[in-house]
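S.K.:
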DNA sequence: GGTCACTTGGCAATCGATTGCCAGGATCAC
DNA sequence: GTGATCCTGGCAATCGATTGCCAAGTGACC
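And the structure:
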């Protein structure tokens, strides 16, 4: 049966040396081969349906044309748009995406990165990093270009692309403050993620900047899940029954807050307002539709891929890019009740 | 700077020939090399941090250790769990996943498959196939092992893994029939997808088998999207104002049905019941929570990966596997209203 | 007419691992 | 003691594309 054509077959058909054929087919070598010859080679390649063997090519060139994408959990609705952005930017540049899921497990992250390195990926896009990930930190000194997405590792000196969470949180706080809320609760995510830290810091700063607002009441959830959000929101409500607005570290947690409110018999937004973060699909269809901070996931993916490509080959300094976020006001936020539950505890 | 160690370095350190080192490291060659020697080689490899160069290996072995995964749209919540299942099954077997998104575009599907073939993928998992996809049909005669997921190409002779949609639809019809619904509407997906056909055929059969039921009223949506579902549901309601239950080809369409009902001022489930298909994340949090047919997405991914691995190398006949589906009854279904809207048109 | 520069294309080495074949030595049986 | 058999490990070819170097050919210019 017909073996795949090689460059020698193409060369033979075009009546030239394989080296000539190789050069004729390489667009990076303009004018290196006479146009007439190059055209003959291209025609031969087309007739034969020739595609260069990537194994042979990368053996010689030391580049694989493959980028590893490490995600914490593809099932998390935030990630697919990012991966799509990455993938759609990389394909046209001749780069393919190897996707590895870590399930938020540091060990699996380590083995995924090791496996990806063993496969000689040209670059890595990592969305799974915890703030102290030794695995990721080690990448900074390695020879494979790396871009972090969404989750940063402070001080590691790696490039990073994410949404401008701080601005989003500021907008959210301003929004509820303008509605008249003075006692604000915050359900934060797990402390080992940079997103948690960024959002929490921004929250404190923004609340401090709102003259009428009391110090926010903060509780950490153990994970960015609905169940953890519910538990944290319960603890928060138990700690301070006077909060009239709860912001959540992300939409999953906000869903948990919804459940905790239902458990406590509190109506949203009549009695308590809720704000999420990320603008996951479908949160506009909840009851009530969730007010949340939208982050440009797809664009983040694109930007990460571009940044990575910039860094391939050349040795450029790490770069940080924050893309604009936007507060999407829906119906989970409203002015605080006049019959002041808040008043009780004053 | 230190170049990556090669098998020659390992061999030199262990005091053996590279060929011996290669064999010592190959677990498929048990006893080919004396255990003492093999241990020495393994130790050397470990000390040096040796990992074989995949390019060199696959150049020689003609296998890349890479599987292409072609999805129609990663953003569709049905797909991530499938991809995870595939990926988590393939990694431990030493296979990596190249993911390509086609955005439901036949041209992009064709170029993705071509690109994946050019990269010498060992196998392909395709979730994007339309019933008549020439691209996919051509894979049946090619030399790369292929497994279709979720969407089949009838008569192509390719392996297929999906949910048992027909059983799911039968259960859904039985459910609404038992609730007392007699006039059933169906918002079907686009006709060029096998899932649409399977589900629609099952619907007709199941309704015909329910003695009390009239012929179902069917309208096709142009795509599996909320907007298309809404438009189709409107047409359906306009065509027959007497339906008391609407089944949808998938949950996206069901969301569209919800919107169309809201537009028409009809309450669900009091006036009209709705059933979806797929059990997407979050549909349990809609108002009302959606009754739908759950398909085992993650398991489908796993099964597809297993099937593919079975077919790698050996030339096995195509195989079809349907995994059990399950009707999840929530609150979007209820008995039809007694004040018979239906009665009006009788 | 001669020299020089430039263009074009060929030669052969190279990337790193795998594997068919072979040889030396040990083991065993007769 | 001799021959057959097995075990172990080495030799070298091979996979297919790329690229540094070189040589032949072409044209220009003085």
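Chains as they are written, first to last, in the working numbering: chain A, 1 to 346; chain B, 1001 to 1346. Quick reminder that beta carbons are idealized off the backbone N, C-alpha and C, glycines included.
Closer than 9 Å by beta-carbon distance: list the chain B residues that pair up with residue 54 of chain A, in chain order.
M.R.: The residue labelled residue 54 of chain A in the question sits at position 54 within the first chain. Within 9 Å Cβ-Cβ: 1055, 1058, 1064, 1118, 1119 and 1120.
S.K.: Just to make sure I have the definition right: I need the residues of chain A whose C-beta is within less than 7 Å of the C-beta of residue 1097 of chain B. Which are they?
M.R.: Within the second chain, the letter at position 97 stands for residue 1097 of chain B. Residues of chain A passing the Cβ test: 98 and 99.
S.K.: Cβ of residue 1069 of chain B within 8 Å of Cβ of residue 1321 of chain B?
M.R.: Counting from one through the second chain, the residue named residue 1069 of chain B turns up at place 69. Counting from one through the second chain, the residue named residue 1321 of chain B turns up at place 321. 8 Å or more divides the Cβ of residue 1069 of chain B from the Cβ of residue 1321 of chain B.
S.K.: Along chain B, in chain order, which residues have C-beta atoms closer than 7 Å to that of residue 83 of chain A?
M.R.: Locating residue 83 of chain A in the first chain gives position 83, where the first residue counts as 1. 1074, listed in chain order.
S.K.: According to DSSP, is residue 1082 of chain B helix, strand or coil?
M.R.: Residue 1082 of chain B sits at position 82 when you count from the first residue of the second chain. Residue state, collapsed to three classes: helix.
S.K.: Whose CA, out of A:102, A:275, A:324 and A:86, lies closest to the CA of residue 96 of chain A?
M.R.: Indexing the first chain from 1 puts residue 96 of chain A at position 96. Taking only the C-alpha atoms, the option nearest residue 96 of chain A is A:86.
S.K.: Residues of chain A with CB under 7 Å from residue 1080 of chain B, in chain order?
M.R.: Within the second chain, numbered from 1, the residue matching residue 1080 of chain B stands at position 80. Per Cβ cutoff of 7 Å: 74, 75 and 80.
S.K.: Take the Cβ of residue 44 of chain A as the centre, count every other Cβ of all protein chains shown within 10 Å, and call the residue buried at 16 or more, exposed below.
M.R.: Numbered from 1 along the first chain, position 44 holds the residue referred to as residue 44 of chain A. Classification of residue 44 of chain A: buried, given that the 10 Å Cβ count is 16 or more.
S.K.: Which stretch, first to last residue, makes up the alpha helix (DSSP H) that contains residue 1300 of chain B?
M.R.: In the second chain, counting from the first residue as 1, residue 1300 of chain B sits at position 300. Looking at the DSSP string, the run of the alpha helix (DSSP H) that includes residue 1300 of chain B is 1297-1311.
S.K.: Does the CB of residue 88 of chain A have a neighbour CB from chain B at under 8 Å?
M.R.: The residue labelled residue 88 of chain A in the question sits at position 88 within the first chain. Yes, residue 88 of chain A lies at the interface with chain B (some Cβ there is under 8 Å from its Cβ).
S.K.: Have a look at residue 1346 of chain B and residue 1337 of chain B and give me their C-alpha separation to the nearest angstrom.
M.R.: Here residue 1346 of chain B refers to the residue found at position 346 when the second chain is read from its first residue. Here residue 1337 of chain B refers to the residue found at position 337 when the second chain is read from its first residue. In this predicted model, residue 1346 of chain B has a pLDDT of only 36, less than 50, meaning its place in the structure is not dependable; the value taken from the coordinates is given anyway. Taking the straight line from one Cα to the other gives about 15 Å.
S.K.: Could you please give the first and the last residue of the uninterrupted beta strand (DSSP E) stretch that includes residue 186 of chain A?
M.R.: Along the first chain, read from residue 1 onward, the residue named residue 186 of chain A stands at position 186. Here the beta strand (DSSP E) through residue 186 of chain A covers 184-188.
S.K.: Listed from N- to C-terminal order along the chain, which residues in the region 1285-1301 of chain B have their beta-carbon within a distance smaller than 7 Å of any beta-carbon of chain A?
M.R.: 1285, 1286 and 1287
S.K.: Could you check which residue in A:132, A:187 and A:22 has the C-alpha nearest to that of residue 109 of chain A?
M.R.: The residue given as residue 109 of chain A occupies position 109 in the first chain. Ranking the options by Cα distance to residue 109 of chain A, first place goes to A:132.
S.K.: How is the alpha helix (DSSP H) around residue 1229 of chain B delimited, first residue to last?
M.R.: Counting from one through the second chain, the residue named residue 1229 of chain B turns up at place 229. Counting along the chain, the alpha helix (DSSP H) containing residue 1229 of chain B begins and ends at 1226-1239.
S.K.: Kindly indicate the opening and closing residues of the alpha helix (DSSP H) around residue 1321 of chain B.
M.R.: For this step, residue 1321 of chain B is matched to residue 321 along the second chain. Per DSSP, residue 1321 of chain B belongs to no alpha helix (DSSP H); it is in the beta strand (DSSP E), 1320-1323.
S.K.: Please list, in chain order, all residues of the same chain as residue 315 of chain A whose beta carbon is under 7 Å from its beta carbon, the five residues on each side excluded.
M.R.: Position 315 of the first chain, counting from 1, holds the residue named residue 315 of chain A. The answer is none, since no qualifying residue turns up.
S.K.: Hey, how far is the Cα of residue 1227 of chain B from the Cα of residue 1208 of chain B?
M.R.: To locate residue 1227 of chain B, count along the second chain from 1; it is residue 227. To locate residue 1208 of chain B, count along the second chain from 1; it is residue 208. The straight-line gap from Cα to Cα measures roughly 29 Å.
S.K.: So, under 8 Å CB-CB, residue 1190 of chain B and residue 1233 of chain B are touching, yes? Tell me the CB distance rounded to an integer number of Å.
M.R.: Walking along the second chain from the start, residue 1190 of chain B turns up at place 190. Walking along the second chain from the start, residue 1233 of chain B turns up at place 233. Residue 1190 of chain B to residue 1233 of chain B, Cβ: 15 Å. No contact.
S.K.: Residue 1164 of chain B and residue 1307 of chain B look like a contact to me (Cβ under 8 Å); what is the Cβ gap, rounded to whole Å?
M.R.: Taking the first residue of the second chain as position 1, residue 1164 of chain B is located at position 164. Taking the first residue of the second chain as position 1, residue 1307 of chain B is located at position 307. The pair is not a contact, with the Cβ atoms about 16 Å apart (cut-off 8 Å).
S.K.: Does residue 1006 of chain B come within less than 8 Å of chain A when only Cβ atoms are used?
M.R.: Position 6 of the second chain, counting from 1, holds the residue named residue 1006 of chain B. So, not an interface residue.
S.K.: When the cut-off is 8 Å and only beta carbons count, does residue 1282 of chain B lie next to chain A?
M.R.: Translated into positions along the second chain, residue 1282 of chain B becomes position 282. Yes, contact with chain A.
S.K.: Return the first residue and the last residue of the alpha helix (DSSP H) that residue 61 of chain A is part of.
M.R.: Taking the first chain and counting its residues from 1, the one referred to as residue 61 of chain A is at position 61. Run containing residue 61 of chain A: 54-61, per the alpha helix (DSSP H) assignment.
S.K.: Taking 8 Å as the CB-CB limit, is residue 247 of chain A close to chain B?
M.R.: The count along the first chain starts at 1 and reaches residue 247 of chain A at position 247. No, because no Cβ of chain B sits closer than 8 Å to the Cβ of residue 247 of chain A.
S.K.: Compare the C-beta of residue 1255 of chain B against all C-beta atoms of chain A and say whether one is closer than 8 Å.
M.R.: Taking the second chain and counting its residues from 1, the one referred to as residue 1255 of chain B is at position 255. Taking Cβ atoms only, chain A reaches closer than 8 Å to residue 1255 of chain B, which makes this a yes.
S.K.: Along the alpha helix (DSSP H) that carries residue 165 of chain A, what are the first and last residues, could you check?
M.R.: The residue given as residue 165 of chain A occupies position 165 in the first chain. Counting along the chain, the alpha helix (DSSP H) containing residue 165 of chain A begins and ends at 165-179.
S.K.: DSSP beta-bridge partners for residue 1097 of chain B?
M.R.: In the second chain, counting from the first residue as 1, residue 1097 of chain B sits at position 97. Paired residues: B:1067.
S.K.: Straight-line CA distance for residue 1225 of chain B to residue 1251 of chain B?
M.R.: Position 225 of the second chain, counting from 1, holds the residue named residue 1225 of chain B. Position 251 of the second chain, counting from 1, holds the residue named residue 1251 of chain B. About 9 Å.
S.K.: In whole angstroms, what separates the C-alpha of residue 28 of chain A from that of residue 1055 of chain B?
M.R.: Numbered from 1 along the first chain, position 28 holds the residue referred to as residue 28 of chain A. Numbered from 1 along the second chain, position 55 holds the residue referred to as residue 1055 of chain B. Near 22 Å, if we compare the C-alpha coordinates of residue 1055 of chain B and residue 28 of chain A.
S.K.: Would you report the Cα separation of residue 238 of chain A and residue 218 of chain A, rounded to the nearest angstrom?
M.R.: Numbered from 1 along the first chain, position 238 holds the residue referred to as residue 238 of chain A. Numbered from 1 along the first chain, position 218 holds the residue referred to as residue 218 of chain A. Here the alpha carbon of residue 238 of chain A sits roughly 12 Å from the alpha carbon of residue 218 of chain A.
S.K.: Helix or strand or just coil, what does DSSP make of residue 341 of chain A?
M.R.: On the first chain, position 341 is the one that residue 341 of chain A refers to. With a pLDDT of 47 at residue 341 of chain A, under the threshold of 50, the predicted position of this residue should be treated as unreliable, though the coordinate-derived value follows. In the structure shown, residue 341 of chain A sits in a helix (DSSP, three-state: H, G or I).
S.K.: For residue 1130 of chain B, tell me which candidate among B:1167, B:1194 and B:1292 has the shortest Cα-Cα distance.
M.R.: As a working mapping, residue 1130 of chain B is identified with position 130 in the second chain. Comparing Cα positions, the closest option is B:1194.
S.K.: Whose C-beta lies closer than 7 Å to the C-beta of residue 127 of chain A among residues of the same chain, with five residues either side of it excluded?
M.R.: Reading the first chain from its first residue, position 127 is the one you call residue 127 of chain A. Once the five neighbours on either side are set aside, the close Cβ partners of residue 127 of chain A are 70, 71, 72, 79, 82, 149, 150 and 151.
S.K.: Is it right to say residue 313 of chain A is buried, meaning 16 or more other beta carbons lie within 10 angstroms of its own, or is it exposed?
M.R.: Taking the first chain and counting its residues from 1, one reaches residue 313 of chain A at position 313. Exposed: under 16 other Cβ atoms inside 10 Å.
S.K.: Would you say residue 1102 of chain B faces chain A, with C-beta separation under 8 Å as the test?
M.R.: Counting from 1 along the second chain, the entry for residue 1102 of chain B is found at position 102. No, because no Cβ of chain A sits closer than 8 Å to the Cβ of residue 1102 of chain B.
S.K.: Of all Cβ atoms in chain A, is any one closer than 8 Å to the Cβ of residue 981 of chain B?
M.R.: Residue 981 of chain B lies beyond the range of chain B shown here (1001 to 1346); nothing can be said about it.
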